[in-house]
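Mapping of the sequence shown onto mature numbering (1 follows the signal peptide of the UniProt record, and there is no 0): residues -21 to -1, 1 to 257, in sequence order. A virtual CB, placed ideally from N, CA and C, is assigned to each residue, including glycine. Note that the structure is predicted; figures quoted are calculated from it, not measured.
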Amino acid sequence: MREKIAKAVCALGICLSALNAQEISGFASPESIWVEGNSVYVANVGEKLAPLIKDNDGFISKLDTQGNIIELHFLSNLNAPKGMTQLDNTLFVVDIDTLKGFDILSKKQVFSLPIVGSVFLNDIAAYDNNTLFMSDTDTGIIHKVNVKNKKYETFMKLDADKYGRPNGLLFDKDKTKLYVANTRGGEVLSIDMQSLGIKTLIAQKGAYDGLAFAKNGDLLVSNWGENGKGAIYRVDKKGKKSTLNLPFIKGPADMFSDGKFLWIPKMGENKILKINLP
């Protein structure tokens, strides 16, 4: 038994070493990561893992790209911040039922748009400099928002029984496809932005969350799995699915690829993991 454990530990060490893995601690239910230039932003739901409670204990941390925490509470007084994106100097973040924006230079809130009827805004993706798309996991709606005039509309409402509930969002390079990671017995989909046709990329039901691209353009998808056994899947151009050689992750949430590294929130461990981008 000791020999088996020793071999397993050794294999784990080799695996993490090959990926140049770095684990960073000190967060409070980290749900989403956004990297812009030399800055890394981490959205923390809060000390209490209460993603739908307006308890004012959520915050956003700022790190450098080496993984050093510059300011743990870079932006405070949020409730349960999740998905993020940046347009110019404004960092946008979804916070339960409201889209908020903060000037990253002054740290002042410069934008607020409550989404009437929303329950669980989860992720956000930029289509262009004026348009953001947001997932609402509980209602199944993907919202389309014009941040210039503060108008929004329903882009699509997914059939929860068929596809699960929308979580992670990611556009392809040409903005012709919107990838959607669905949770609660969900599938991973691509939506054609012109025809609105839906294609299933991963039919196996799961608790899918984060989306990112590998170096060669393959799609990376995080799945919470069961009993803390989360994993990162890779889907190639032919639709073949494989699993990254990583130890189980407890709560792999809204990850981010900066072109060199993959940043993965370990939400259930209050840590984030930085690995070489596969």
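Can you tell me whether DSSP reads residue i as helix, strand or coil?
i, result
"residue 272", "Because the chain here runs from -21 to 257, residue 272 falls outside it and cannot be looked at."
"Lys141", "helix"
"Asp82", "strand"
"Arg213", "strand"
"Val167", "strand"
"Phe99", "coil"
"Gly147", "strand"
"Glu50", "strand"
"Val24", "coil"
"Asn255", "strand"
"residue 306", "Residue coverage of the chain in this structure runs from -21 to 257, which leaves residue 306 outside it and unanswerable."
"Gln173", "coil"
I need the straight-line Cα distance from residue i to residue j, nearest angstrom please.
i, j, result
"Ala7", "Leu111", "26 Å"
"Gly207", "Val167", "20 Å"
"Ile48", "Ile170", "37 Å"
"Glu132", "Thr179", "24 Å"
"Leu157", "Ile32", "29 Å"
"Gly238", "Lys152", "13 Å"
"Glu205", "Asn195", "29 Å"
"Thr77", "Val200", "26 Å"
"Lys245", "Phe134", "30 Å"
"Lys219", "Leu84", "43 Å"
"Glu15", "Gly96", "31 Å"
"Asp67", "Lys61", "19 Å"
Please list, in chain order, all residues of the same chain as residue i whose beta carbon is under 7 Å from its beta carbon, the five residues on each side excluded.
i, result
"Asn255", "Leu(-3), Asn(-2), Phe240"
"Thr162", "Thr116, Gly143, Arg144, Asn146, Ala186, Tyr187, Asp188"
"Gly247", "Gly207, Lys229, Gly230"
"Lys250", "Glu2, Ile3, Ser4, Phe6"
For residue i and residue j, which I take to be in contact (beta-carbon distance under 8 Å), what is that distance rounded to the nearest angstrom?
i, j, result
"Asp115", "Asp233", "About 15 Å; that fails the 8 Å criterion."
"Ala104", "Leu148", "4 Å"
"residue 268", "Gly46", "With the chain running from -21 to 257 in the structure shown, residue 268 is simply not present."
"Gln88", "Phe81", "5 Å"
"Thr69", "Trp13", "No, Thr69 and Trp13 are not in contact; Cβ-Cβ is about 12 Å, not under 8 Å."
"Pro9", "Val21", "5 Å"
Note down, in chain order, each residue of its chain lying with its Cβ closer than 6 Å to the Cβ of residue i, except the 5 sequence neighbours on either side.
i, result
"Glu50", "Lys41"
"Lys136", "Gly119, Ile120"
"Ala59", "Val24, Pro30, Gly37, Ile75"
"Ser236", "Ala191, Phe192, Leu256"
"Ile243", "Pro231, Met234, Leu252"
"Ser55", "Phe38"
For residue i, which residues does DSSP report across the bridge?
i, result
"Asn125", "Thr110, Lys130"
"Val19", "Val14, Leu42"
"Gly37", "Leu57"
"Leu66", "Thr69"
"Val159", "Leu148, Leu168"
"Met135", "Ile121"
"Lys8", "In the sequence as presented, Lys is not what sits at residue 8; that position holds Ser. DSSP output for Ser8 lists no bridge partner at all."
"Lys178", "Ser169"
Sorted by chain position, which residues of the same chain lie with C-beta nearer than 8 Å to residue i's C-beta, five sequence neighbours on each side aside?
i, result
"Asn109", "Asn125, Val126, Lys127"
"Lys154", "Tyr106, Asp107, Met172"
"Thr222", "Ala210, Ile211, Tyr212, Arg213"
Relative to the ligand ATP, is the shortest distance from any of its heavy atoms to the C-beta of residue i smaller than 7 Å?
i, result
"Ser97", "Within the structure as shown, the ligand ATP is missing, as the structure has no ligands at all."
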